[in-house]
Amino acid sequence: MASSDDQAVRATIVAAADRLYYARGIQNVGMDAVRAEAGSSLKRIYGLFPSKDLLVAAVLDHRTAMWWSGVDRAAAGAQTPREQLLSVFDFLNSWFRQDDFRGCAFINSFGELGATSPRVSEKVRAQKESFHSYVRDLVRRAGLADGVALQVTLLVEGAQTVAAITRDRDVVPQARRAAVVLLDAAAAEAGDSRAGQGAVPADGR
1 MASSDDQAVR ATIVAAADRL YYARGIQNVG MDAVRAEAGS SLKRIYGLFP
51 SKDLLVAAVL DHRTAMWWSG VDRAAAGAQT PREQLLSVFD FLNSWFRQDD
101 FRGCAFINSF GELGATSPRV SEKVRAQKES FHSYVRDLVR RAGLADGVAL
151 QVTLLVEGAQ TVAAITRDRD VVPQARRAAV VLLDAAAAEA GDSRAGQGAV
201 PADGR
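With full-length UniProt numbering, you'll find the sequence shown wraps up at 205, consecutive numbering, no jumps.
Next comes the structure, spelled out in structure tokens:
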């Protein structure tokens, strides 16, 4: 079991690497730069992370925790599954307006290392799948078809990519409006389906 000192140093190194990787790209940042940013020795860094691949994986775990923290904060006041779904866009809107926003760290990491690092690919896929599962659970609780979950997820993922490239601050409000239209249409369809299932044939049979 790691000591409390090791855990503190590990957290400092991961946070430093996260800042550098997110701002400059993973392949552009060497371990010397991480050492300088973290204020630690290379020996200590390699003692905790024997390879850069392991450090990148730890950074992605850190980013996963940050993502869920933001989603949970945005959903704190939501009263219904629909409100929880739409609150994701409120989280994105706040995040995208930060000066250091550079898009989705998972998409960025996959773009750089997805073809060469199975560990990174696994971490990215796990995060994307867990978010899709979260959305699907909310969609089901709202009484909507599972396919709606993928549609909402695509709006969220697309907003991250477009906002990172264009720096257009209206991306999220537009994506949220599209989600509202989507959810309204899905709810109407679900209502029609339920009404149809309960209808009595004209001949009484």
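A virtual CB, placed ideally from N, CA and C, is assigned to each residue, including glycine.
Throw me the rounded Cβ distance for the residue i and residue j pair, which I believe falls under 8 Å.
| i | j | result |
| --- | --- | --- |
| I13 | S41 | No, I13 and S41 are not in contact; Cβ-Cβ is about 11 Å, not under 8 Å. |
| S109 | I26 | 6 Å |
| R97 | R167 | About 10 Å separates the two Cβ atoms, so there is no contact after all. |
| H62 | D18 | 6 Å |
| L182 | R82 | Actually they are not in contact, since the Cβ atoms of L182 and R82 sit about 11 Å apart, beyond 8 Å. |
Considering only the beta carbon of each residue, do residue i and residue j sit closer than 8 Å?
| i | j | result |
| --- | --- | --- |
| V156 | L60 | no |
| R102 | A142 | no |
| L86 | R176 | yes |
| D20 | V29 | The amino acid at residue 20 is misidentified as Asp; the sequence shows Leu. A contact, by the Cβ cut-off of 8 Å. |
| A159 | V172 | yes |
| A190 | A145 | yes |
| residue 206 | A65 | This structure cannot settle anything about residue 206, because the visible part of the chain is limited to 1 through 205. |
| D90 | A74 | yes |
| F106 | V88 | no |
| D100 | A23 | yes |
| F49 | A36 | no |
Taking CB distances under 8 Å as the criterion, tell me whether residue i reaches chain C.
| i | result |
| --- | --- |
| L92 | You won't find chain C in this structure, because it holds only one protein chain. |
Measuring alpha carbon to alpha carbon, tell me which residue in the options is nearest residue i.
| i | options | result |
| --- | --- | --- |
| L54 | S4, R82 and V120 | V120 |
| K128 | E112, A187 and C104 | C104 |
| F131 | G114, A178, S69 and T116 | S69 |
| V56 | E112, W67, R140 and A78 | E112 |
| S117 | K43, A11, S51 and A185 | S51 |
| W95 | V34, A188, Q174 and W67 | W67 |
| T80 | R140, A185, S3 and A178 | R140 |
Open item on the list: Using 8 Å as the cut-off, can you tell me whether the stretch 147-156 makes contact with the stretch 121-138, which would need three or more C-beta pairs spanning the two stretches below that distance?
Closed with: The stretch 147-156 is in contact with the stretch 121-138.
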